[in-house]
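Undergrad:
Numbering (this note's numbering), first residue to last: 72 to 585.
(1) Under a three-way DSSP split, which group does residue 137 fall into?
(2) Inspect the beta-carbon positions of residue 586 and residue 323 and report whether they are closer than 9 Å.
(3) Do the stretch 463 to 480 and the stretch 499 to 512 make contact, defined as three or more Cβ pairs closer than 8 Å?
(4) Count the C-beta pairs between the stretch 315 to 329 and the stretch 355 to 369 that are closer than 8 Å, then say yes if the count reaches three, no if not.
(5) Going by alpha carbons, who is nearest to residue 422 out of 478, 414, 396, 405?
(6) Using 8 Å as the cut-off, can you tell me whether the stretch 364 to 372 makes contact with the stretch 386 to 402, which would need three or more C-beta pairs spanning the two stretches below that distance?
(7) Kindly give me the distance between the Cβ atoms of residue 500 and residue 513, rounded to whole angstroms, as I take these residues to be in contact under 8 Å.
(8) Grouping DSSP H, G and I as helix and E and B as strand, with all else coil, what is residue 504?
(9) Check residue 198 in the structure and name its three-state DSSP category.
(10) Which full runs of the beta strand (DSSP E) of 3+ residues lie inside the stretch 445 to 478, going along the chain?
(11) Go through its chain and collect everything with a Cβ distance to residue 567's Cβ below 8 Å, but skip five positions before and after it.
(12) Between the alpha carbons of residue 562 and residue 572, how many angstroms are there, rounded?
(13) Pull up the CB-CB distance for residue 218 and residue 258, whole angstroms please, since I reckon it's below 8 Å.
(14) In the structure shown, what three-state DSSP assignment does residue 342 receive?
(15) Would you call residue 391 buried or exposed, if buried means 16 or more other Cβ atoms sit within 10 Å of its Cβ?
(16) Residue 411 and residue 444 look like a contact to me (Cβ under 8 Å); what is the Cβ gap, rounded to whole Å?
(17) What did DSSP end up calling residue 316 once you bin it into helix, strand or coil?
(18) For the beta strand (DSSP E) that contains residue 155, what are its first and last residues?
(19) Does DSSP classify residue 511 as helix, strand or coil?
(20) Can you give, in chain order, each stretch of the beta strand (DSSP E) that sits fully within the stretch 222 to 287 and has at least 3 residues?
(21) Considering only the alpha carbon of each residue, which of 374, 137, 350 lies closest to residue 386?
(22) Alpha carbons only, please: which of 381, 578, 347, 480 is nearest the one belonging to residue 404?
(23) Nearest chain B C-beta to residue 542 closer than 9 Å, yes or no?
(24) Work out the CA separation of residue 273 and residue 409 for me, nearest whole Å.
(25) Exposed or buried, what is residue 248 when buried is set at 16 or more other beta-carbons lying within 10 Å of its beta-carbon?
(26) Who are the Cβ neighbours of residue 318 in its own chain at under 7 Å, not counting the five residues just before and after it?
(27) Check each candidate in 457, 185, 260 and name the one with the smallest Cα separation from residue 236.
(28) Near residue 459, which residues of its chain fall below 8 Å by C-beta distance, leaving aside the five closest residues on each side in sequence?
(29) Does residue 537 come out as helix, strand or coil in the three-state DSSP assignment?
(30) Which of the three DSSP states, helix, strand or coil, is assigned to residue 293?
(31) What are the start and end residues of the alpha helix (DSSP H) that includes residue 441?
(32) Do residue 279 and residue 262 have their CB atoms nearer than 9 Å?
(33) Reducing DSSP to helix, strand and coil, say where residue 569 ends up.
(34) Pick helix, strand or coil for residue 305, following the three-state DSSP scheme.
(35) Thinking just about the alpha-carbon of each residue, which of 220, 116, 431 is nearest to the one in residue 180?
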């Protein structure tokens with residue numbers, strides 16, 4: 072009986088559980104527009120001024136502690152800061168920075184406002200501008216003043232106000248020459264770069280060459296590595312702008328590029344030296360320096376620089392008789408700019424002299440704009456050598472007249488001279504029968520019997536050693552803290568007094584226990 076009662080109770084529980092409805096949970100609707108409302112242009116300008124004010128505080132802190140790491144941090148943020156600059160930002164900065172505490176503040180404020188487009192700010196009379204109530208929070212040192220004028224110069228260059236930018240650049244450089252302070256070294260390096268840039272944009276680079284040489288001598292004597300690296304690159308660019316390759320080579324040979332320079336300066340220097348060596352027929356050394364420049368360049372930014380170096384590197388590889396990898400032309404950020412060089416590489420690989428000539432005619436203006444046209448004209452001989460190599464692979468014996476026809480040469484005599492030079496250079500293994508007028512190739516069965524494996528291994532070992540050496544040099548260590556263990560005069564007197572008291576106690580103990 073008890074068993075039947077238990078079964079009835081369990082069946083009732085199961086029926087009640089089936090009849091129960093699930094609990095309804097109340098849910099609150101979450102609004103979809105959780106994105107913050109866009110800020111107005113006025114709020115963005117206020118935040119930009121605040122960012123610049125914080126950068127000025129960092130520069131002042133770097134001057135006080137006599138370390139350049141804070142200033143270098145500010146300089147690294149320049150690409151972001153220059154996107155925020157406009158007339159309204161400089162108008163607010165002029166009210167905050169030039170507060171009348173310095174004797175030349177009024178003149179500098181009027182000059183800064185005269186460089187701006189005050190119509191966009193909405194102010195016509197600049198004489199009625201009064202200083203802001205937040206002036207005391209902005210540090211005033213020669214370094215911060217140089218930084219403000221550097222921002223003004225960058226703003227004028229970006230807006231193509233070249234006449235005002237020239238005046239601002241001269242004013243900025245005069246301030247740097249008058250203020251002989253080591254804390255200005257990082258800012259001076261960046262200022263000289265933009266100083267040279269504005270003279271390049273106005274096609275007056277020859278006017279500042281002697282000045283740059285004088286500043287370079289001063290930087291070398293003062294062991295200012297940042298300014299020395301920047302000025303060396305400016306001078307090399309100055310010479311290359313006017314195709315003065317001999318003078319640029321002498322400058323690079325008789326000067327030493329500073330090792331502590333940044334990777335960006337190293338990349339520029341290696342690119343300039345690579346171009347010099349390519350023009351002077353030192354193709355192997357030029358390729359090595361260009362590959363190193365690409366490795367040191369920023370990988371996420373500096374797209375224009377990487378494209379320029381890649382174009383020159385492709386031409387140098389073609390001059391060396393090598394064919395660049397196809398993947399180099401298929402990169403998403405390089406594909407469009409390297410398209411003419413892809414057609415050039417195809418013409419060289421196939422040894423088709425007609426396709427090479429058509430490529431020169433079609434993309435000649437592009438090659439001239441890249442300043443690679445004269446180097447590409449030298450590739451014509453490599454096209455002929457590639458054609459000869461294909462002919463020697465396809466035919467064991469062929470007449471010189473057929474060679475001239477396949478290479479689109481004028482006569483069989485020209486083909487004979489070119490084939491003879493290719494045999495002498497080791498391009499092909501063949502012999503010429505001058506009496507019957509044909510070329511007979513030799514079979515190379517064992518590649519390891521030649522010096523090709525030795526050359527390949529030497530190239531790979533040199534690349535690995537250079538990578539290791541550059542990696543070790545790129546390591547950054549904290550600066551040495553000199554005189555940190557030396558005690559002050561007061562501490563020394565206290566220590567001597569404690570030593571004397573300890574010696575007296577020891578003498579008293581010896582007297583008590585003879």
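Beta carbons are placed, not taken as given, at the ideal position from N, Cα and C, and that holds for glycine.
TA: In brief:
(1) In the chain shown, counting from the first residue as 1, residue 137 sits at position 66. It is coil, neither helix nor strand.
(2) This structure gives no information on residue 586, because the portion of the chain shown stretches from 72 to 585.
(3) yes
(4) no
(5) As a working note, residue 422 is residue 351 in the chain shown. Nearest option by C-alpha distance: 478.
(6) no
(7) Start at 1 with the first residue of the chain shown, and residue 500 comes out as number 429. Start at 1 with the first residue of the chain shown, and residue 513 comes out as number 442. Their Cβ separation, rounded to whole angstroms, is 4 Å, which keeps residue 500 and residue 513 in contact under 8 Å.
(8) Stepping through the chain shown from its first residue, residue 504 is reached at position 433. It is a strand residue.
(9) Residue numbering aside, residue 198 sits at position 127 when the chain shown is read from its first letter. Because residue 198 sits at a pLDDT of 47, beneath the cut-off of 50, its placement in the model cannot be relied upon, and the following sentence gives the value as read from the coordinates. In the structure shown, residue 198 sits in a helix (DSSP, three-state: H, G or I).
(10) 468 to 470
(11) Position 496 of the chain shown holds residue 567. So no residue of the chain qualifies.
(12) Counting from one through the chain shown, the residue named residue 562 turns up at place 491. Counting from one through the chain shown, the residue named residue 572 turns up at place 501. In a straight line, the C-alpha of residue 562 is about 15 Å away from that of residue 572.
(13) As a working mapping, residue 218 is identified with position 147 in the chain shown. As a working mapping, residue 258 is identified with position 187 in the chain shown. Yes, residue 218 and residue 258 are in contact; Cβ-Cβ is about 6 Å, under 8 Å.
(14) For the purposes of this step, residue 342 is taken as residue 271 along the chain shown, with counting starting at 1. Correct three-state label for residue 342: helix.
(15) For this step, residue 391 is matched to residue 320 along the chain shown. Exposed, because fewer than 16 other Cβ atoms sit within 10 Å of the Cβ of residue 391.
(16) The sequence position of residue 411 within the chain shown is 340, counting from 1. The sequence position of residue 444 within the chain shown is 373, counting from 1. Not really, about 11 Å apart at Cβ, beyond 8 Å.
(17) Within the chain shown, the letter at position 245 stands for residue 316. It is helical.
(18) The residue labelled residue 155 in the question sits at position 84 within the chain shown. Unbroken run through residue 155: none, as it is neither H nor E.
(19) Residue numbering aside, residue 511 sits at position 440 when the chain shown is read from its first letter. Residue state, collapsed to three classes: strand.
(20) none
(21) To locate residue 386, count along the chain shown from 1; it is residue 315. Residue 386 has its Cα closest to that of 350, out of 374, 137, 350.
(22) On the chain shown, residue 404 is found 333 positions in, with the first residue counted as 1. When C-alpha distances from residue 404 are compared across 381, 578, 347, 480, the shortest belongs to 381.
(23) Here chain B cannot be found, since the structure has a single protein chain.
(24) The count along the chain shown starts at 1 and reaches residue 409 at position 338. The count along the chain shown starts at 1 and reaches residue 273 at position 202. Using only the alpha carbons, I get a separation of about 29 Å.
(25) In the chain shown, the residue the question calls residue 248 occupies position 177. The residue in question, residue 248, is exposed, as its Cβ has fewer than 16 Cβ neighbours within 10 Å.
(26) Here residue 318 is taken as the residue at index 247 of the chain shown, counted from 1. The residues are 310.
(27) Residue 236 sits at position 165 when you count from the first residue of the chain shown. It is 185.
(28) For the purposes of this step, residue 459 is identified with residue 388 of the chain shown, where counting begins at 1. These residues qualify, in order along the chain: 422, 474, 478, 489, 490, 493, 498, 499.
(29) The count along the chain shown starts at 1 and reaches residue 537 at position 466. Helix at residue 537.
(30) Here residue 293 is taken as the residue at index 222 of the chain shown, counted from 1. Coil, per DSSP.
(31) The residue given as residue 441 occupies position 370 in the chain shown. Counting along the chain, residue 441 falls outside any alpha helix (DSSP H), and DSSP gives it neither H nor E.
(32) On the chain shown, residue 279 is found 208 positions in, with the first residue counted as 1. On the chain shown, residue 262 is found 191 positions in, with the first residue counted as 1. In this structure, residue 262 does not lie closer than 9 Å to residue 279 by Cβ.
(33) Taking the first residue of the chain shown as position 1, residue 569 is located at position 498. Correct three-state label for residue 569: helix.
(34) Here residue 305 refers to the residue found at position 234 of the chain shown. Note: residue 305 maps to helix in three-state DSSP.
(35) Sequence index remark: in the chain shown, residue 180 carries index 109 (1-based). Minimum Cα distance to residue 180 is reached at 220.
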